[in-house]
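Asker: Could you have a look at this structure, given as structure tokens, before my questions?
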Amino acid sequence: MGRSSHACSILGSTLLLLLSLGSAAAQKGSTWKTLSGKAPAIVAKGGFSGLFPDSSDFAYMFVALASSPDTALWCDIRLTKDGVGICLPSIQMDNCTTIANAFPKGQKTYNVNGVSTVGWFSVDYKFTDLKNVFLQQSVLSRGPYFDGVFQILTVEAVLSQYKAPAVWLNVQQDSFYSQFNLSMRGYILSTSKQSIVDYISSPEVNFLTSISGRVSKKTKLVFRFLDERSIEPSTNQTYGSMLKNLTFVKTFASGILVPKNYIWPVTQDNYLLPHTSVVDDAHKAGLEIYAADFANDFTFSYNYSYDPLAEYLNFIDGAFSVDGVLTDFPITPSEAVGCFSNLNNSKTDHAKPLVISHNGASGDYPDCTDQAYEKAVADGADVIDCPVQVTKDGIPICMSSIDLMDVTTVATTQFSAQAVTINDLKATPGVFTFNLTWDDIVRNLKPMISNPMSTYHVFRNPRNKNAGNFMRLSDFLAFTEGRDLSGIMISVEHAAFMAEKLGFGVVDAVIKALDDSGYSKQTAQKIMIQSTNSSVLGKFKQETKYNLVYMIEEDVRDATPSSLADIKKFADAVSVRTTSVFPETHHFLTNQSDNLVQSLQSAGLPVYVYVLMNEFVSQPYDFFSDATSQINAYVQLAKVDGLITDFPGTAHRYKLNSCMNMGNNTPAFMTPPQLGGLLSAISPSAQPPAAAPMPLLTDSDVAEPPLPLVSNTTASSPSDAALGMPTDVSILVTVLMLCASLLI
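Just so we're aligned, residue 20 is where the sequence shown starts under the working numbering, counting upward by one.
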């Protein structure tokens, strides 16, 4: 892996291409509920440490490119053997650098605030000894692509090189350094005389009192609270007990820094409890209050639906506002402060993009249940959807999978014995909707929330994992009638299988349901039909005037003119995969040329992108583990017409933001990333393998055989042969039924 200064220079010049800088954040006219009445401060912990190694050159440089121009840079100060101040997130250097490789015999055991601690420590090395020690991610769950490239930075370098509007120095273990005849107090006082230091924080009372009145009056001293049960070494009190005596804290500090759960505590299963009075208490004592521990890629309360922007807004845009936040991802609080605050009463809706639910608000409730649909409507979806399946007794239902094993608790019931393999549908055994009657389903099964990111151990809303009721298509249509929606979308798949194997005409059933409900006669809501099968849409086109959406299942980079002409014959719009719009490799966006959206729109076909999810593990690194940043790229850069999403609330809120349509005045943090920019910033030796180019969509991909004809005598009852029953059993059942009828 490249470690020379030349390599860093090349990477640095590449990084400058990542974002096109915009102007400062949009100004807010209203008064903030902070102590000063000014906007909350954004403090970048070790720079943009959610993406790059904490306290690295790129981490600090990227703050200016992707965050509010008012963002402060945070440095955790450590002292070397010769008294040089360096920025490192951990006192144990092996947690955040390659020092164990450079000095394999350097491990020591020291007492750190009363705790015996094993590792490599800066006090054992002069700064010149560290020239071959490089930074690496201190959070193991984050990608290692930028590890081993950046050298350790001195505090002086951070103060002078990055032109930050403010610098925050954190002194975490002052008493530790005194064991080695090193004076953190002397270092801080000397540094503050040479450079402006805006904030100095420490969890040690003695340290702050020793510098109080000795540093510039412009420097804010902030007392850092640790875990409530931890002991503050100067007073021998717990931090929890000190929180009850903020008037004492006010004697040596102008502010406090607390873990965010001091303000919004959570239950053991990670749901929010009512907020505490800490913010009000601090403000009444004349103290500013800053909240720590924000990171887009850490676990936070399920109440936020995996949406980090929603969490920030809960700290700054409600009954109270903290005076600042300490974060690994400064782009997201920049969005919150600059574009998304004070929107609670906003009636502004920028029309595009169309927000289309994916199985309702399936990020919060089980797919296609009444609660998922209620949440989608409440969250501002423009269109809610029903993927149609059929039961054994011929009832069309809304179910996201034809296999009940995927989305219900059928595996825990007696019906699990009916599992069969039907290769036309899937290669693994399943209990299919047409194996059970509607009565079987509603009486014996419960919905089961989808967990598309479960391989990463990321799960959705466990308290409501089985909440809600199943819905027939007729129930769905009755539910949507009169709702504040611009339309509904009905998805139809497996139509050929249903016709040929089950004797069920799903297209006819959907048309009949819409007619019976009166939906087909109303004009207030658009009726959209979506399918991956061109023959399905072709039949709807022959018999209705609905809006038809062709879903392209494959990743494609563009469409041939002839395929576009074919699509125009049976569809009014197209939905495409997220990765067809923004190709990626190993979670990085590539710079692969992609003209698909433009080609489809030029042919008069609006483009909807699917499926957007809030979970950070579903997003390329280029979107900073931020669903809003991802949406912004699809809208501003790709210019799609609609978003198909598991979390319609996040997409709807995006449409209300005050930074839309600002043109050249768009702030940097609302400017989409340059495709492939982050990937090209990786050292060549560390880059993942290049992805193969995606294919073109051609006529053969679009063409489908006509749907099989359905006999009217069998249309209402799927056949036993298709239900997976062995042929001899089916014959036996038929004979027994015939005998029974004769006996009667």
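Just so you know, even glycine gets a beta-carbon here, dropped at the ideal spot from N, CA and C.
#1: Going by the CB atoms, is the gap between Thr432 and Asn463 shorter than 7 angstroms?
#2: Taking the beta strand (DSSP E) that Ser202 falls in, what are its first and last residues?
#3: Does Pro712 come out as helix, strand or coil in the three-state DSSP assignment?
#4: The alpha helix (DSSP H) that contains Gln541, what's its start and end?
#5: Run through DSSP, which three-state label would Ser179 get?
#6: Determine the burial state of Asp478: buried for a count of at least 16 other Cβ atoms within 10 Å of its Cβ, exposed for fewer.
#7: Distance check for Thr609 and Ser699, CA to CA, integer angstroms please.
#8: Compare the C-alpha of Leu697 against each of Asn280, Leu70 and Asn225 and name the closest.
#9: For the beta strand (DSSP E) that contains Trp764, what are its first and last residues?
#10: Can you tell me which residues form a DSSP beta bridge with Met681?
#11: If we count the other Cβ atoms within 10 Å of its Cβ and call it buried at 16 or more, is Val511 buried or exposed?
#12: Between which residues of its own chain and Gly661 is the CB-CB distance below 6 angstroms, once the five residues before and five after are set aside?
#13: In three-state DSSP terms, what is Met490?
#14: From Arg672, Gly668, Val729 and Glu307, pick the residue whose C-alpha is nearest to that of Ala380; which is it?
#15: Across which residues does DSSP place Glu251 in a beta bridge pair?
#16: Compute the distance between the beta-carbons of Ala311 and Thr266, then report whether it is under 7 angstroms.
#17: Is the beta carbon of Val529 sitting closer than 7 angstroms to the one on Ile509?
#18: Determine the DSSP secondary structure at Gln46, reduced to helix, strand or coil.
#19: Touch check for the stretch 340 to 358 and the stretch 48 to 65: three-plus C-beta pairs under 8 angstroms?
#20: With DSSP as the reference, label Pro703 as helix, strand or coil.
#21: How about Tyr569: is its C-beta nearer than 7 angstroms to some C-beta of chain B?
#22: List the endpoints of the continuous beta strand (DSSP E) containing Gln617.
#23: In whole angstroms, what is the alpha-carbon distance linking Val593 and Ala670?
#24: Does the Cβ-Cβ distance between Asp613 and Arg672 come in under 7 angstroms?
#25: Using the Cα positions of Ser778 and Val216, report the straight-line distance between them to the nearest angstrom.
#26: What are the boundary residues of the alpha helix (DSSP H) that Val268 is part of?
#27: Pick from Ser539, Ile468 and Met517: whose alpha carbon is nearest that of Ala497?
#28: For the beta strand (DSSP E) that Ile663 lies in, which residues bound it at each end?
#29: Roughly how many angstroms separate the alpha carbons of Arg161 and Gln620, rounded to a whole number?
#30: Across the stretch 632 to 649 and the stretch 597 to 606, are there enough close Cβ pairs to call them in contact, namely three or more that are closer than 8 angstroms?
#31: To the nearest whole angstrom, what separates the beta carbons of Val450 and Gln437, a pair I think is in contact under 8 angstroms?
#32: Pull up the distance between the alpha-carbon of Gly248 and that of Leu159, whole angstroms please.
#33: Closest by CA to His770, which one among Met679, Asn130, Ile468 and Val356?
#34: For Tyr331, which option in Leu675, Ile282 and Phe489 has the closest C-alpha, if you only look at C-alpha atoms?
#35: In angstroms, rounded to a whole number, what distance separates the CA positions of Ala446 and Ile421?
#36: Of the choices Lys545, Phe319, Val224 and Ala518, whose alpha-carbon is the least far from that of Arg502?
Answerer: This is what the structure holds:
#1: As a position in the sequence shown, residue 463 is number 444, starting the count at 1. As a position in the sequence shown, residue 432 is number 413, starting the count at 1. Their beta carbons are under 7 angstroms apart, which means Asn463 touches Thr432 by this criterion.
#2: Here the question's residue 202 lines up with position 183 in the sequence shown. Counting along the chain, Ser202 falls outside any beta strand (DSSP E), and DSSP gives it neither H nor E.
#3: Numbered from its first residue, the sequence shown carries residue 712 at position 693. Correct three-state label for Pro712: coil.
#4: As a first step, residue 541 must be located in the sequence shown, where it is residue number 522. From DSSP, Gln541 is part of no alpha helix (DSSP H); its letter is neither H nor E.
#5: Counted from its first residue, the sequence shown places residue 179 at position 160. If DSSP states are grouped into helix, strand and coil, Ser179 belongs with the helices.
#6: In the sequence shown, residue 478 corresponds to position 459, counting from 1. For the record, residue 478 in the displayed sequence is Phe; it is not Asp. By the 10 Å Cβ count, Phe478 comes out exposed.
#7: Here the question's residue 699 lines up with position 680 in the sequence shown. Here the question's residue 609 lines up with position 590 in the sequence shown. Roughly 9 angstroms between the two C-alpha positions.
#8: In the sequence shown, the residue the question calls residue 697 occupies position 678. If we check each option's Cα against that of Leu697, Leu70 comes out closest.
#9: The structure shown does not extend to residue 764, since the chain spans only 20 to 763, so no value can be given for it.
#10: On the sequence shown, residue 681 is found 662 positions in, with the first residue counted as 1. Note: Met681 sits in no beta bridge, so no partner.
#11: Residue 511 sits at position 492 when you count from the first residue of the sequence shown. Looking at its Cβ environment, which holds 16 or more other Cβ atoms inside 10 Å, Val511 is buried.
#12: Mapped onto the sequence shown, residue 661 falls at position 642. Taken in chain order, the residues that qualify are Pro372, Leu373, Ile375 and Tyr627.
#13: Numbered from its first residue, the sequence shown carries residue 490 at position 471. If DSSP states are grouped into helix, strand and coil, Met490 belongs with the strands.
#14: Looking up residue 380 in the sequence shown gives position 361. Minimum Cα distance to Ala380 is reached at Gly668.
#15: Indexing the sequence shown from 1 puts residue 251 at position 232. Note: Glu251 sits in a beta bridge opposite Gln256.
#16: Mapped onto the sequence shown, residue 311 falls at position 292. Mapped onto the sequence shown, residue 266 falls at position 247. Cβ distance not < 7 angstroms, so Ala311 and Thr266 don't count as in contact.
#17: Looking up residue 529 in the sequence shown gives position 510. Looking up residue 509 in the sequence shown gives position 490. Yes, they are a contact pair.
#18: The residue you call residue 46 lines up with position 27 of the sequence shown. Interpretation of Gln46 is limited by its pLDDT of 44, a score under 50 that renders its predicted location unreliable; no figure is taken from the coordinates.
#19: Short answer: they touch.
#20: Counted from its first residue, the sequence shown places residue 703 at position 684. Note: Pro703 maps to helix in three-state DSSP.
#21: Judged by its chain identifiers, the structure shown contains no chain B, having just a single protein chain.
#22: Here residue 617 refers to the residue found at position 598 of the sequence shown. Unbroken run through Gln617 is the alpha helix (DSSP H), Leu615 to Ser621; no beta strand (DSSP E).
#23: Residue numbering aside, residue 593 sits at position 574 when the sequence shown is read from its first letter. Residue numbering aside, residue 670 sits at position 651 when the sequence shown is read from its first letter. Looking at the two C-alpha atoms, the distance is approximately 19 angstroms.
#24: As a working mapping, residue 613 is identified with position 594 in the sequence shown. As a working mapping, residue 672 is identified with position 653 in the sequence shown. For Asp613 and Arg672, no; Cβs fall outside 7 angstroms.
#25: Since the displayed the chain opens at 20 and closes at 763, residue 778 lies outside it and no answer follows.
#26: Locating residue 268 in the sequence shown gives position 249, counting from the first residue. Looking at the DSSP string, the run of the alpha helix (DSSP H) that includes Val268 is Leu265 to Val268.
#27: Here residue 497 refers to the residue found at position 478 when the sequence shown is read from its first residue. The residue with the shortest Cα to Cα distance from Ala497 is Ser539.
#28: Here the question's residue 663 lines up with position 644 in the sequence shown. Per DSSP, the unbroken beta strand (DSSP E) holding Ile663 starts and ends at Gly661 to Thr664.
#29: Numbered from 1 along the sequence shown, position 142 holds the residue referred to as residue 161. Numbered from 1 along the sequence shown, position 601 holds the residue referred to as residue 620. Distance between the alpha carbons of Arg161 and Gln620 is about 37 angstroms.
#30: yes
#31: Numbered from 1 along the sequence shown, position 431 holds the residue referred to as residue 450. Numbered from 1 along the sequence shown, position 418 holds the residue referred to as residue 437. Right, their Cβ atoms sit about 5 angstroms apart.
#32: By 1-based counting over the sequence shown, the position of residue 248 is 229. By 1-based counting over the sequence shown, the position of residue 159 is 140. The amino acid occupying residue 248 in the given sequence is Arg; Gly does not appear at that position. Looking at the two C-alpha atoms, the distance is approximately 26 angstroms.
#33: Examination of residue 770 is not possible in this model, given that the chain is present from 20 through 763 alone.
#34: Here the question's residue 331 lines up with position 312 in the sequence shown. The shortest Cα separation from Tyr331 among Leu675, Ile282 and Phe489 belongs to Ile282.
#35: Residue mapping note: residue 446 aligns to position 427 of the sequence shown, counting from 1. Residue mapping note: residue 421 aligns to position 402 of the sequence shown, counting from 1. Going from the Cα of Ala446 to the Cα of Ile421 covers about 13 angstroms.
#36: As a working mapping, residue 502 is identified with position 483 in the sequence shown. For the residues Lys545, Phe319, Val224 and Ala518, the minimum Cα distance to Arg502 belongs to Lys545.
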